[in-house]
Amino acid sequence: MNLDLNNQVALVTGASRGIGQAIADELASCGATVIGTATSESGANAISERLRTHKGVGKVLNVTQGAACEAMIEDIVKQFGRIDILVNNAGITKDQLAMRMKDDEWSDVISTNLSSVFKLSQAVLRPMMKARSGRIINITSIVGHMGNAGQANYAAAKAGVAGMTRALSEDQQNSLKANIPLARLGTPEDVAQAVAFLASPAAAYITGNTLHVNGGLYLA
């Protein structure tokens, strides 16, 4: 299987720990130049140190700020000349029963987990369309399919990402691929390997799909 990502430039949001860190490491090990984002300077510096041998770098990004997302994509294209892979991984939870959920608990999760995915995907479409190639990979959750008590905000956001991914694939079906490796339980490395596959030439004929990586917890 061809998982060679040499000469590819990838942006991974939320790459300072957990699944995002594993994805950044896996893509780098496959040859990609990885830009990983964090919400703090210390987090970004840790990413830079970890990816240094692969010429990767960490950057600070608040994914809820549309202008910052656009500027990030512009800076990457200016610095590296291209962007081939976008992995929308950054996310938060603010769990609360629906009857007690405050407006900010709803809006913060929707903004971080759903709106940011659209903003970054929108910003990356122009350079990917210009190159007539690209991969957008969105990390979601079985909660978006099954629901979960106390997570109406999170479930709505993740279900929205799934629908958006299919729509993006239809919008740009001749130019780029948009997919979801759906995951929650298991290890970060399980998800990272699925992302590396979706980002690689081996997945060239796959688009608009949800790849469930959950050990059979949810069967579509």
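Numbering follows this note's numbering, in which position 15 of the sequence shown is assigned residue number 138; successive positions increment by one, without gaps. Ideal Cβ placement from N, Cα and C applies to all residues, glycine included. Remember, predicted model here, so these are calculated numbers, not experimental data.
Which residues in the same chain have their Cβ closer than 8 Å to the Cβ of residue i, if we skip the five residues on either side of it in sequence?
i: residue 272; result: 220
i: residue 161; result: 137, 138, 139, 167, 169, 170, 181, 182, 183, 184
Considering only residues of the same chain and omitting the five flanking positions on each side of residue i, which have a CB-CB separation below 6 Å?
i: residue 147; result: 135, 138, 157, 159
i: residue 145; result: 311, 312, 315
i: residue 280; result: 232, 233, 236, 237
CA-CA distance, residue i and residue j?
i: residue 194; j: residue 202; result: 12 Å
i: residue 324; j: residue 295; result: 18 Å
i: residue 228; j: residue 274; result: 10 Å
i: residue 269; j: residue 282; result: 9 Å
i: residue 256; j: residue 292; result: 12 Å
i: residue 209; j: residue 263; result: 14 Å
i: residue 252; j: residue 191; result: 21 Å
i: residue 172; j: residue 165; result: 11 Å
For residue i, tell me which candidate among the options has the shortest Cα-Cα distance.
i: residue 211; options: 187, 217, 228, 227; result: 187
i: residue 217; options: 207, 208, 206, 232; result: 232
i: residue 151; options: 168, 244, 142, 178; result: 178
i: residue 265; options: 246, 245, 199, 334; result: 334
i: residue 215; options: 252, 165, 140; result: 140
i: residue 289; options: 225, 332, 175, 282; result: 332
i: residue 246; options: 199, 222, 213, 226; result: 199
Mark residue i as exposed unless 16 or more other C-beta atoms lie within 10 angstroms of its C-beta, in which case mark it buried.
i: residue 163; result: exposed
i: residue 278; result: buried
i: residue 130; result: exposed
i: residue 182; result: buried
i: residue 258; result: buried
i: residue 267; result: buried
Which residues in the same chain as residue i place their Cβ atom closer than 7 Å to its Cβ, once the five residues preceding and following it in sequence are excluded?
i: residue 240; result: 211, 261, 284, 287
i: residue 82; result: This structure cannot speak to residue 82, because the chain is shown only from 124 to 343.
i: residue 350; result: Lying outside 124 to 343, the shown extent of the chain, residue 350 is not represented and no answer is given.
i: residue 189; result: 242
i: residue 224; result: 275, 276
Does the separation of the CB atoms of residue i and residue j fall below 8 Å?
i: residue 250; j: residue 196; result: yes
i: residue 133; j: residue 207; result: yes
i: residue 254; j: residue 175; result: no
Given 7 Å as the limit, tell me if residue i has its C-beta closer than that to any heavy atom belonging to the ligand SAH.
i: residue 328; result: Among the components modelled here there is no ligand, and therefore nothing to report on the ligand SAH.
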